[in-house]
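Each residue of the sequence shown is one higher than the one before, starting from 8 at the first, in our numbering.
Built from N, CA and C at the ideal position, the CB exists for glycine as well.
The next block holds one structure in the form of C-alpha coordinates; read it before the comments.
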Amino acid sequence: MSNSCDCGGRIVFDGGEYVCERCGRVFEGLCYQTPSLPFNNFSRTFSSKCSKVLFMIKDVCDRLGFNDSILYDATYTAESIIGSGVRYNGVEIAFFSLYSACKGFNPIFCERVLKEFRRIGLNVNERNCIRILSKFWKHYSYRRFNIRSYLSHLLESLRSNIFVKEYVKGFYRLNEKILWSRVEQDSIKFLEEYRVSGETLKVRAVASIYVSCNRVFRSFGLENPVTLELVSKHFSLDPNNLKKVVEKIMVYSYEGLAEM
8 MSNSCDCGGR IVFDGGEYVC ERCGRVFEGL CYQTPSLPFN NFSRTFSSKC
58 SKVLFMIKDV CDRLGFNDSI LYDATYTAES IIGSGVRYNG VEIAFFSLYS
108 ACKGFNPIFC ERVLKEFRRI GLNVNERNCI RILSKFWKHY SYRRFNIRSY
158 LSHLLESLRS NIFVKEYVKG FYRLNEKILW SRVEQDSIKF LEEYRVSGET
208 LKVRAVASIY VSCNRVFRSF GLENPVTLEL VSKHFSLDPN NLKKVVEKIM
258 VYSYEGLAEM
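Here is the structure:
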(Lines of atoms letter the chains of each structure in order from A and count residues from 1; the text may use other names and numbers.)
(Lines give C-alpha, C1' and ligand atoms only; values in the text may rest on other atoms or scores of the structure.)
Protein backbone atom coordinates (compact mmCIF):
# COMPACT_ATOMS: atom_id res chain seq x y z
CA MET A 1 0.00 0.00 0.00
CA SER A 2 1.34 3.44 -0.96
CA ASN A 3 1.39 6.55 1.20
CA SER A 4 -1.18 8.30 -0.99
CA CYS A 5 -4.97 8.02 -1.17
CA ASP A 6 -6.95 7.09 -4.31
CA CYS A 7 -7.84 10.77 -4.68
CA GLY A 8 -4.14 11.68 -4.82
CA GLY A 9 -3.99 13.16 -1.33
CA ARG A 10 -1.20 12.32 1.11
CA ILE A 11 -1.94 9.89 3.99
CA VAL A 12 -0.91 11.34 7.34
CA PHE A 13 -1.20 10.27 10.98
CA ASP A 14 -3.57 12.76 12.65
CA GLY A 15 -5.21 12.51 16.06
CA GLY A 16 -4.46 8.81 16.40
CA GLU A 17 -5.58 7.70 12.96
CA TYR A 18 -4.37 7.55 9.37
CA VAL A 19 -6.33 10.01 7.21
CA CYS A 20 -6.09 11.55 3.76
CA GLU A 21 -5.17 15.24 3.88
CA ARG A 22 -7.36 15.99 0.87
CA CYS A 23 -10.62 14.03 1.22
CA GLY A 24 -10.51 13.06 4.91
CA ARG A 25 -10.85 9.34 4.26
CA VAL A 26 -9.91 7.24 7.30
CA PHE A 27 -7.65 4.26 6.66
CA GLU A 28 -7.98 1.27 8.94
CA GLY A 29 -5.63 -1.53 9.92
CA LEU A 30 -3.70 -1.97 6.67
CA CYS A 31 -1.84 1.28 7.18
CA TYR A 32 0.19 -0.39 9.89
CA GLN A 33 1.71 -2.52 7.15
CA THR A 34 2.71 0.49 5.07
CA PRO A 35 6.54 0.78 4.99
CA SER A 36 6.45 4.54 4.39
CA LEU A 37 4.21 5.11 7.40
CA PRO A 38 5.82 3.12 10.26
CA PHE A 39 3.91 3.11 13.54
CA ASN A 40 7.05 3.64 15.64
CA ASN A 41 8.09 6.80 13.81
CA PHE A 42 4.86 8.58 14.53
CA SER A 43 5.06 7.72 18.22
CA ARG A 44 7.98 10.15 18.53
CA THR A 45 5.65 13.08 17.90
CA PHE A 46 3.38 12.14 20.82
CA SER A 47 3.75 13.14 24.43
CA SER A 48 5.84 10.89 26.66
CA LYS A 49 2.73 9.48 28.33
CA CYS A 50 1.01 8.82 25.02
CA SER A 51 4.08 7.12 23.56
CA LYS A 52 4.36 4.78 26.56
CA VAL A 53 0.68 3.87 26.36
CA LEU A 54 0.79 3.21 22.61
CA PHE A 55 3.94 1.12 22.87
CA MET A 56 2.33 -0.87 25.70
CA ILE A 57 -0.72 -1.53 23.54
CA LYS A 58 1.40 -2.66 20.60
CA ASP A 59 3.53 -4.87 22.86
CA VAL A 60 0.46 -6.61 24.32
CA CYS A 61 -1.07 -7.03 20.85
CA ASP A 62 2.15 -8.64 19.61
CA ARG A 63 2.35 -11.00 22.59
CA LEU A 64 -1.29 -12.06 22.30
CA GLY A 65 -1.16 -12.30 18.52
CA PHE A 66 -3.94 -9.77 17.89
CA ASN A 67 -4.44 -8.49 14.35
CA ASP A 68 -3.96 -4.95 13.05
CA SER A 69 -7.66 -4.13 13.31
CA ILE A 70 -7.58 -4.51 17.10
CA LEU A 71 -4.30 -2.60 17.28
CA TYR A 72 -5.80 0.24 15.24
CA ASP A 73 -8.96 0.54 17.34
CA ALA A 74 -7.06 0.37 20.63
CA THR A 75 -4.47 2.92 19.51
CA TYR A 76 -7.12 5.33 18.31
CA THR A 77 -9.09 5.02 21.54
CA ALA A 78 -6.02 5.57 23.75
CA GLU A 79 -4.88 8.62 21.79
CA SER A 80 -8.42 10.03 21.89
CA ILE A 81 -8.61 9.67 25.69
CA ILE A 82 -5.18 11.15 26.30
CA GLY A 83 -5.92 13.97 23.87
CA SER A 84 -9.00 14.90 25.91
CA GLY A 85 -6.69 15.91 28.77
CA VAL A 86 -7.96 13.35 31.26
CA ARG A 87 -5.41 12.35 33.91
CA TYR A 88 -5.35 8.63 34.58
CA ASN A 89 -2.83 5.88 34.96
CA GLY A 90 -1.31 5.02 31.58
CA VAL A 91 -1.63 1.29 32.19
CA GLU A 92 -5.35 1.70 32.87
CA ILE A 93 -5.79 3.67 29.64
CA ALA A 94 -3.98 0.95 27.69
CA PHE A 95 -6.13 -1.71 29.37
CA PHE A 96 -9.38 0.10 28.62
CA SER A 97 -8.39 0.75 25.01
CA LEU A 98 -7.50 -2.87 24.29
CA TYR A 99 -10.45 -4.24 26.24
CA SER A 100 -12.95 -2.07 24.33
CA ALA A 101 -11.32 -2.94 20.98
CA CYS A 102 -11.53 -6.66 21.74
CA LYS A 103 -15.12 -6.36 22.89
CA GLY A 104 -16.11 -5.22 19.42
CA PHE A 105 -13.93 -7.74 17.60
CA ASN A 106 -14.37 -10.83 19.75
CA PRO A 107 -15.47 -10.64 23.43
CA ILE A 108 -13.57 -13.87 24.14
CA PHE A 109 -10.32 -11.91 23.74
CA CYS A 110 -11.29 -9.64 26.66
CA GLU A 111 -10.37 -12.35 29.16
CA ARG A 112 -6.94 -12.71 27.56
CA VAL A 113 -6.41 -8.94 27.85
CA LEU A 114 -7.48 -9.06 31.50
CA LYS A 115 -4.97 -11.81 32.30
CA GLU A 116 -2.15 -10.11 30.39
CA PHE A 117 -2.55 -6.76 32.17
CA ARG A 118 -2.78 -8.54 35.49
CA ARG A 119 0.55 -10.14 34.66
CA ILE A 120 1.98 -6.71 33.82
CA GLY A 121 1.02 -5.48 37.29
CA LEU A 122 -2.36 -3.78 36.91
CA ASN A 123 -4.54 -4.49 39.95
CA VAL A 124 -7.52 -5.69 37.96
CA ASN A 125 -9.81 -8.67 38.29
CA GLU A 126 -13.35 -9.63 37.29
CA ARG A 127 -14.75 -7.67 40.25
CA ASN A 128 -13.05 -4.29 39.81
CA CYS A 129 -12.71 -4.52 36.02
CA ILE A 130 -16.01 -2.69 35.47
CA ARG A 131 -14.99 0.05 37.92
CA ILE A 132 -11.82 0.75 35.95
CA LEU A 133 -13.59 0.63 32.60
CA SER A 134 -16.42 2.91 33.73
CA LYS A 135 -13.94 5.71 34.45
CA PHE A 136 -13.17 6.04 30.75
CA TRP A 137 -16.47 5.65 28.92
CA LYS A 138 -17.36 9.33 29.34
CA HIS A 139 -14.02 10.31 27.77
CA TYR A 140 -14.29 7.74 24.99
CA SER A 141 -15.49 9.72 21.98
CA TYR A 142 -14.41 10.24 18.41
CA ARG A 143 -14.08 13.62 16.78
CA ARG A 144 -17.40 14.41 15.12
CA PHE A 145 -15.90 15.67 11.86
CA ASN A 146 -14.25 12.29 11.32
CA ILE A 147 -17.35 10.20 11.98
CA ARG A 148 -18.85 10.82 8.55
CA SER A 149 -15.67 10.03 6.63
CA TYR A 150 -15.15 6.90 8.73
CA LEU A 151 -18.71 5.71 8.11
CA SER A 152 -18.45 6.50 4.39
CA HIS A 153 -15.28 4.41 4.25
CA LEU A 154 -17.05 1.43 5.86
CA LEU A 155 -20.07 1.83 3.58
CA GLU A 156 -17.87 1.94 0.48
CA SER A 157 -16.23 -1.28 1.64
CA LEU A 158 -19.64 -2.91 2.05
CA ARG A 159 -20.78 -1.77 -1.39
CA SER A 160 -17.77 -3.49 -2.92
CA ASN A 161 -18.78 -6.82 -1.35
CA ILE A 162 -19.32 -9.12 -4.33
CA PHE A 163 -22.69 -10.45 -3.10
CA VAL A 164 -24.12 -7.00 -2.32
CA LYS A 165 -22.70 -5.54 -5.54
CA GLU A 166 -24.21 -8.25 -7.77
CA TYR A 167 -27.55 -8.16 -5.94
CA VAL A 168 -28.00 -4.43 -6.50
CA LYS A 169 -26.86 -4.67 -10.12
CA GLY A 170 -29.56 -7.25 -10.73
CA PHE A 171 -32.24 -4.54 -10.61
CA TYR A 172 -31.52 -2.61 -13.80
CA ARG A 173 -34.11 0.11 -13.07
CA LEU A 174 -32.77 0.72 -9.57
CA ASN A 175 -30.96 4.04 -9.06
CA GLU A 176 -27.96 2.88 -7.03
CA LYS A 177 -26.77 6.41 -6.23
CA ILE A 178 -30.08 7.37 -4.62
CA LEU A 179 -30.31 4.09 -2.71
CA TRP A 180 -26.80 4.27 -1.22
CA SER A 181 -27.15 7.99 -0.57
CA ARG A 182 -30.21 7.30 1.60
CA VAL A 183 -28.38 4.47 3.35
CA GLU A 184 -25.50 6.81 4.16
CA GLN A 185 -27.81 9.60 5.39
CA ASP A 186 -29.74 7.26 7.69
CA SER A 187 -26.52 5.62 8.93
CA ILE A 188 -25.04 8.97 9.90
CA LYS A 189 -28.27 9.90 11.68
CA PHE A 190 -28.36 6.64 13.65
CA LEU A 191 -24.67 6.86 14.51
CA GLU A 192 -24.80 10.47 15.72
CA GLU A 193 -28.19 10.50 17.45
CA TYR A 194 -28.44 7.05 19.04
CA ARG A 195 -25.40 6.56 21.25
CA VAL A 196 -24.84 3.03 22.55
CA SER A 197 -22.49 3.25 25.53
CA GLY A 198 -19.77 0.67 26.00
CA GLU A 199 -19.20 -0.02 22.30
CA THR A 200 -16.48 0.99 19.85
CA LEU A 201 -17.15 3.32 16.96
CA LYS A 202 -16.70 0.49 14.48
CA VAL A 203 -19.39 -1.67 16.09
CA ARG A 204 -21.82 1.25 16.31
CA ALA A 205 -21.08 2.33 12.74
CA VAL A 206 -21.60 -1.16 11.28
CA ALA A 207 -24.78 -1.60 13.32
CA SER A 208 -26.05 1.77 12.03
CA ILE A 209 -25.31 0.74 8.45
CA TYR A 210 -27.18 -2.54 8.90
CA VAL A 211 -30.29 -0.86 10.36
CA SER A 212 -30.19 1.75 7.61
CA CYS A 213 -29.86 -0.87 4.86
CA ASN A 214 -32.76 -2.79 6.34
CA ARG A 215 -34.97 0.29 6.26
CA VAL A 216 -33.90 1.72 2.88
CA PHE A 217 -33.95 -1.51 0.88
CA ARG A 218 -37.44 -2.28 2.16
CA SER A 219 -38.59 1.24 1.25
CA PHE A 220 -37.53 0.38 -2.32
CA GLY A 221 -39.59 -2.81 -2.14
CA LEU A 222 -36.48 -4.99 -2.03
CA GLU A 223 -35.24 -7.67 0.31
CA ASN A 224 -32.24 -6.49 2.33
CA PRO A 225 -29.14 -8.36 1.08
CA VAL A 226 -27.07 -6.97 3.97
CA THR A 227 -27.66 -9.58 6.66
CA LEU A 228 -26.15 -9.61 10.14
CA GLU A 229 -24.08 -12.63 9.19
CA LEU A 230 -22.75 -10.86 6.11
CA VAL A 231 -21.70 -7.62 7.85
CA SER A 232 -20.21 -9.40 10.87
CA LYS A 233 -18.01 -11.51 8.57
CA HIS A 234 -17.21 -8.63 6.21
CA PHE A 235 -16.03 -6.36 9.04
CA SER A 236 -14.65 -9.12 11.30
CA LEU A 237 -17.01 -8.44 14.23
CA ASP A 238 -18.58 -10.75 16.78
CA PRO A 239 -22.12 -11.46 15.43
CA ASN A 240 -23.76 -11.79 18.85
CA ASN A 241 -22.35 -8.51 20.10
CA LEU A 242 -23.27 -6.75 16.85
CA LYS A 243 -26.82 -8.10 17.10
CA LYS A 244 -27.25 -6.57 20.57
CA VAL A 245 -26.17 -3.14 19.34
CA VAL A 246 -28.44 -3.42 16.29
CA GLU A 247 -31.41 -4.21 18.52
CA LYS A 248 -30.69 -1.16 20.69
CA ILE A 249 -30.45 1.17 17.71
CA MET A 250 -33.67 -0.24 16.25
CA VAL A 251 -35.48 0.39 19.53
CA TYR A 252 -34.14 3.97 19.69
CA SER A 253 -35.06 4.65 16.06
CA TYR A 254 -38.61 3.36 16.41
CA GLU A 255 -39.07 5.38 19.61
CA GLY A 256 -37.89 8.44 17.70
CA LEU A 257 -40.45 7.81 14.95
CA ALA A 258 -43.21 7.37 17.52
CA GLU A 259 -42.46 10.78 19.02
CA MET A 260 -42.69 12.54 15.64
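Ends of the alpha helix (DSSP H) at residue i?
i: Asn231; result: Looking at the DSSP string, Asn231 is not in any alpha helix (DSSP H), and its letter there is neither H nor E.
i: Thr84; result: Asp75 to Gly90
i: Val218; result: Leu208 to Ser226
i: Val238; result: Leu235 to His241
i: Arg119; result: Ile115 to Ile127
Taking 7 Å as the threshold (C-beta atoms), are residue j and residue i in contact?
i: Ser3; j: Thr207; result: Limits of the chain in this structure are 8 at one end and 267 at the other, which puts residue 3 out of reach.
i: Phe116; j: Cys109; result: yes
i: Ser226; j: Ser194; result: no
i: Leu162; j: Glu200; result: no
i: Val171; j: Pro232; result: yes
i: Ile64; j: Ala81; result: yes
i: Asn168; j: His241; result: yes
i: Leu140; j: Val120; result: no
i: Tyr217; j: Val258; result: no
i: Gly15; j: Val60; result: no
i: Cys57; j: Ile89; result: yes
In three-state DSSP terms, what is residue i?
i: Asn168; result: coil
i: Pro246; result: helix
i: Tyr39; result: Below a pLDDT of 50, predicted positions are generally treated as unreliable, and Tyr39, at 36, falls in that range; the measurement from the model is reported next regardless. The answer is helix: DSSP assigns Tyr39 an H, G or I state.
i: Leu181; result: coil
i: Arg70; result: helix
i: Val98; result: helix
i: Tyr174; result: helix
i: Val190; result: helix
i: Met257; result: helix
i: Tyr201; result: coil
i: Val252; result: helix
i: Cys14; result: coil
i: Val60; result: helix
i: Ala265; result: Note that Ala265 has pLDDT 40, beneath the 50 cutoff, so the model's placement of it is unreliable and the number below is only indicative. DSSP places Ala265 in helix when its eight states are reduced to three.
Given the structure, does residue i come close to the ligand FAD, in the sense that its CB is under 6 Å from one of the ligand's heavy atoms?
i: Tyr157; result: The model depicted lacks the ligand FAD and carries no ligand whatsoever.
Validate contact between the region 115-129 and the region 65-73 using beta carbons, cut 8 Å, 3 pairs: yes
Three Cβ pairs or more, each shorter than 8 Å: is that satisfied between the region 209-217 and the region 157-167?
yes
| query | For the 8 Å Cβ check, are there 3 or more pairs between the region 119-132 and the region 170-182? | reply | no
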